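Visitor:
Number of protein chains: 2
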Amino acid sequence: MKSTIKENIEEKLKQELTIEEYEKFTLLLEPLTIQKKQQLVTEDRVCKYLYFVEEGVLHSFLTDDNGENHTIQFGFEGHWISDLYSFVSNTTATFNIEALEETTILAISKSNFEKALNDIPKFERFFRILIQNAYIQSQHRIAKNYSDDAEHRYLALIKQQPDLLQRVPQYLVASYLGIKPQSLSRIRQNLSKK
Amino acid sequence: MKSTIKENIEEKLKQELTIEEYEKFTLLLEPLTIQKKQQLVTEDRVCKYLYFVEEGVLHSFLTDDNGENHTIQFGFEGHWISDLYSFVSNTTATFNIEALEETTILAISKSNFEKALNDIPKFERFFRILIQNAYIQSQHRIAKNYSDDAEHRYLALIKQQPDLLQRVPQYLVASYLGIKPQSLSRIRQNLSKK
DNA sequence: TTACTTTATTCACATAGGTGAACGAAAGCC
DNA sequence: GGCTTTCGTTCACCTATGTGAATAAAGTAA
Chain R
466 MKSTIKENIE EKLKQELTIE EYEKFTLLLE PLTIQKKQQL VTEDRVCKYL YFVEEGVLHS
526 FLTDDNGENH TIQFGFEGHW ISDLYSFVSN TTATFNIEAL EETTILAISK SNFEKALNDI
586 PKFERFFRIL IQNAYIQSQH RIAKNYSDDA EHRYLALIKQ QPDLLQRVPQ YLVASYLGIK
646 PQSLSRIRQN LSKK
Chain W
466 MKSTIKENIE EKLKQELTIE EYEKFTLLLE PLTIQKKQQL VTEDRVCKYL YFVEEGVLHS
526 FLTDDNGENH TIQFGFEGHW ISDLYSFVSN TTATFNIEAL EETTILAISK SNFEKALNDI
586 PKFERFFRIL IQNAYIQSQH RIAKNYSDDA EHRYLALIKQ QPDLLQRVPQ YLVASYLGIK
646 PQSLSRIRQN LSKK
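Protein sequences appear in the order of chains R and W.
Be aware that the first sequence starts at 466, since it is given in the numbering used here, and climbs by one per residue.
Be aware that the second sequence starts at 466, since it is given in the numbering used here, and climbs by one per residue.
Structure, rendered in structure tokens:
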């Protein structure tokens with residue numbers, strides 16, 4: 466189940482890292498473990514790290530003016546997660562990031578991130594590809610939100626990630642789909658009748 | 466009104482390009498002009514370029530299973546636009562890109578793009594920052610779509626881009642907001658009563 | 001100018017998803 | 001083991017937005 470950062474980088478670069486590159490990079494990472502319900506990032510504080518999930522799950526969410534939470538992203542093994550705007554611009558975060566189970570993480574601080582970009586040429590490319598993939602996904606998510614109703618989005622989601630409901634509570638899946646838990650219940654009820 | 470690519474790059478890099486860098490880069494670009502309603506990218510064909518808008522406006526949109534169009538993005542002067550997934554993976558595009566008025570563009574092909582990444586070190590960084598900003602924006606757009614209703618999204622949009630309705634027809638603004646033209650009409654009517 | 005097409009408005013009615021409450025089941029805790 | 005909190009379901013009712021049609025206004029072409 467554990468995901469290694471070396472494989473993650475090599476897979477995106479479609480190229481192996483040399484031992485020196487990997488060791489140089491490893492020195493810049495800070496391992497940490499957080500418990501279920503602990504927050505890694507809290508809105509109104511600056512998000513000072515990028516996080517790579519080795520094992521476990523996190524979610525990033527936004528608390529709106531009515532105090533409701535909206536899950537923007539899940540971070541499973543092998544994902545990178547952060548409040549990127551807060552990280553790059555040193556402003557207070559708009560998202561919270563919280564563990565959904567005990568999670569082991571590798572964190573890279575902004576100064577170490579910049580060191581990596583400058584000292585390890587491949588790293589700038591790696592990070593470009595990482596963000597590029599994330600951006601493509603988010604464009605498609607916006608597109609699907611426009612063209613599909615909640616039932617279709619739910620079906621597409623569990624098709625793409627069949628174990629999702631085993632790993633995270635249903636009300637967070639509803640939130641990620643942009644609907645209320647009751648509505649997801651209703652949708653599942655309708656589907657089971659078909 | 467015209468936007469220059471040199472300024473666009475330097476602004477993102479927060480650093481000036483040398484004359485050599487700029488000239489090397491310029492050689493990789495293909496200028497073109499397209500007329501209103503012409504398509505730059507068509508779904509089901511591969512998108513072979515990244516496009517920088519010098520002057521004019523484009524929009525990218527998706528045609529759904531009911532034949533309805535959903536505007537995903539507007540590309541004004543100074544914006545880059547493409548079907549990035551199609552471009553990077555050489556698969557057929559899911560989005561269309563069409564001019565909303567006569568538009569002048571600089572296009573960079575995939576092979577030239579790769580040449581730029583490899584030959585001009587700053588370019589990899591520039592492109593990383595470009596995508597990073599786009600990704601941050603799209604994350605915030607997803608978040609706002611979850612927490613705000615159409616009226617709030619409309620108000621936020623015209624506040625952020627007050628000339629939008631002068632440049633593009635209202636039904637495209639509605640589409641971008643994820644609602645029907647009639648609904649935007651109704652929202653505007655309610656607002657004018659307040 | 002006239003004619004034709006595209007865009008915006010308004011209305012009556014339909015529907016997906018939201019709301020708040022009640023209830024039971026499951027999970028964590030002492 | 002029982003107690004308490006969290007989670008999922010169901011229901012009756014509500015609301016924002018969609019639908020389809022009619023009409024007007026604006027834009028374009030001849």
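Cβ atoms here follow ideal geometry from the backbone N, Cα and C, with glycine treated the same way.
Bear in mind the structure is a predicted one, so any value in this text is a computation, not a measurement.
Mind checking the stretch 522-539 of chain W against chain R and listing, in chain order, the residues whose C-beta falls within less than 7 angstroms of any C-beta there?
Guide: From the stretch 522-539 of chain W, only 527, 529, 535, 537 have a Cβ closer than 7 angstroms to chain R.
Visitor: Give the interface partners of residue 510 (chain R) over in chain W, defined as CB-CB distance under 9 angstroms, in chain order.
Guide: The contacting residues do not exist; residue 510 (chain R) stays about 18 angstroms from chain W at best.
Visitor: Are three or more beta carbon pairs between the stretch 499-513 of chain R and the stretch 599-619 of chain R nearer than 8 angstroms?
Guide: No, because fewer than three Cβ pairs between the stretch 499-513 of chain R and the stretch 599-619 of chain R fall closer than 8 angstroms, the two stretches do not touch.
Visitor: Quick one, are the C-beta atoms of residue 600 (chain R) and residue 600 (chain W) less than 8 angstroms apart?
Guide: Yes. Within cutoff.
Visitor: Put residue 553 (chain W) into one of helix, strand or coil per three-state DSSP.
Guide: Note: residue 553 (chain W) maps to helix in three-state DSSP.
Visitor: How many angstroms separate the CA atom of residue 523 (chain R) from the CA atom of residue 499 (chain R)?
Guide: Going from the Cα of residue 523 (chain R) to the Cα of residue 499 (chain R) covers about 10 angstroms.
Visitor: Are the CB atoms of residue 508 (chain R) and residue 552 (chain R) within a distance shorter than 8 angstroms?
Guide: Not a contact, by the Cβ cut-off of 8 angstroms.
Visitor: Whether or not the stretch 576-589 of chain R and the stretch 534-541 of chain R are in contact is what I'm after, with contact meaning three or more pairs of Cβ atoms, one per stretch, closer than 8 angstroms; do they touch?
Guide: No: the two stretches stay apart, fewer than three of their Cβ pairs being nearer than 8 angstroms.
Visitor: State the Cα-Cα distance for the pair residue 526 (chain W) and residue 503 (chain W), rounded to the nearest angstrom.
Guide: C-alpha separation (whole angstroms): 13 angstroms.
Visitor: Measure the CB-CB distance between residue 468 (chain W) and residue 519 (chain W) and report whether it falls below 8 angstroms.
Guide: Yes, Cβ-Cβ distance for residue 468 (chain W) and residue 519 (chain W) is below 8 angstroms.
Visitor: When DSSP builds the beta bridges, which residues end up paired with residue 514 (chain R)?
Guide: According to DSSP, residue 514 (chain R) bridges with R:574.
Visitor: Within the same chain, show all residues whose beta-carbon is closer than 8 angstroms to that of residue 476 (chain W), passing over the 5 residues directly before and after it, in chain order.
Guide: No residues qualify anywhere along the chain.
Visitor: Anything in chain W within Cβ reach of residue 514 (chain R), meaning under 8 angstroms, just list it in chain order.
Guide: Result: empty, since nearest Cβ-Cβ is about 16 angstroms, beyond 8 angstroms.
Visitor: Give the single residue among R:548, R:495, R:481 whose Cα lies nearest to the Cα of residue 605 (chain W).
Guide: Among R:548, R:495, R:481, the Cα nearest to that of residue 605 (chain W) is on R:548.
Visitor: Runs of 4 residues minimum, wholly inside the stretch 629-659 of chain W: which ones carry the alpha helix (DSSP H) assignment?
Guide: DSSP runs (the alpha helix (DSSP H)) wholly in the stretch 629-659 of chain W: 629-632, 635-642, 646-658.
Visitor: Give the DSSP-derived three-state secondary structure of residue 603 (chain R) in the structure shown.
Guide: Helix.
Visitor: Measuring only between beta-carbons, confirm whether residue 549 (chain R) sits less than 8 angstroms from chain W.
Guide: With 8 angstroms as the cut-off, residue 549 (chain R) counts as an interface residue toward chain W.
Visitor: Figure out for me which residue from R:573, R:623, R:554, R:625 has the closest Cα to the Cα of residue 594 (chain W).
Guide: The residue with the shortest Cα to Cα distance from residue 594 (chain W) is R:554.
Visitor: Anything in chain R within Cβ reach of residue 610 (chain W), meaning under 8 angstroms, just list it in chain order.
Guide: Neighbours of residue 610 (chain W) on chain R, chain order: 607, 610, 643.
Visitor: Measure the C-alpha to C-alpha separation of residue 622 (chain R) and residue 582 (chain W) and round it to an integer number of angstroms.
Guide: If you take the alpha carbons of residue 622 (chain R) and residue 582 (chain W), they lie about 35 angstroms apart.
Visitor: Please confirm if residue 639 (chain W) has its CB atom under 8 angstroms from at least one CB of chain R.
Guide: By this cut-off, residue 639 (chain W) is not an interface position.
Visitor: Give the straight-line distance between the Cα atoms of residue 496 (chain W) and residue 505 (chain W), rounded to the nearest whole angstrom.
Guide: Their backbone Cα atoms lie some 13 angstroms apart in a straight line.
Visitor: The alpha helix (DSSP H) with residue 539 (chain R) in it runs from where to where?
Guide: No alpha helix (DSSP H) holds residue 539 (chain R); the beta strand (DSSP E) holding it covers 534-540.
Visitor: If we count the other Cβ atoms within 10 Å of its Cβ and call it buried at 16 or more, is residue 597 (chain R) buried or exposed?
Guide: By the neighbour-count rule (16 or more Cβ atoms within 10 Å), residue 597 (chain R) is buried.
Visitor: Rounded to the nearest angstrom, what separates residue 521 (chain R) and residue 470 (chain W) at their Cα positions?
Guide: Taking the straight line joining both Cα atoms gives about 43 angstroms.
Visitor: With 7 angstroms as the C-beta to C-beta threshold (strictly closer), list the residues of the stretch 585-606 of chain R near chain W in chain order.
Guide: So the list reads 589, 590, 592, 593, 596, 597, 599, 600, 601, 603, 604, 606, given in the order they occur along the chain.
Visitor: Using the beta-carbon of each residue, which ones in chain R are nearer than 8 angstroms to residue 553 (chain W)?
Guide: By Cβ distance, chain R contributes 597, 601.
Visitor: To the nearest angstrom, how far is it from the Cα of residue 615 (chain R) to the Cα of residue 602 (chain R)?
Guide: Computed Cα separation, rounded: 18 angstroms.
Visitor: Decide if residue 481 (chain R) is buried, meaning its Cβ has at least 16 other Cβ atoms within 10 Å, or exposed.
Guide: Burial call: exposed.
Visitor: With a Cβ-Cβ cutoff of 8 angstroms, do residue 656 (chain W) and residue 635 (chain W) count as a contact?
Guide: No, they are not a contact pair.
Visitor: Buried or exposed: residue 473 (chain W), going by 16 or more other Cβ atoms within 10 Å of its Cβ?
Guide: By the neighbour-count rule (16 or more Cβ atoms within 10 Å), residue 473 (chain W) is buried.
Visitor: What three-state label does DSSP hand residue 586 (chain W) in the structure shown?
Guide: Helix.
Visitor: Is residue 491 (chain R) helix, strand or coil when you go by DSSP?
Guide: Looking at residue 491 (chain R) - three-state DSSP - the assignment turns out to be helix.
Visitor: For the candidate residues R:517, R:557, R:631, R:528, whose alpha-carbon lies nearest to that of residue 571 (chain R)?
Guide: The residue with the shortest Cα to Cα distance from residue 571 (chain R) is R:517.
Visitor: How long is the line joining the alpha carbons of residue 531 (chain R) and residue 587 (chain R), rounded to whole angstroms?
Guide: Each residue's alpha carbon lies about 44 angstroms from the other.
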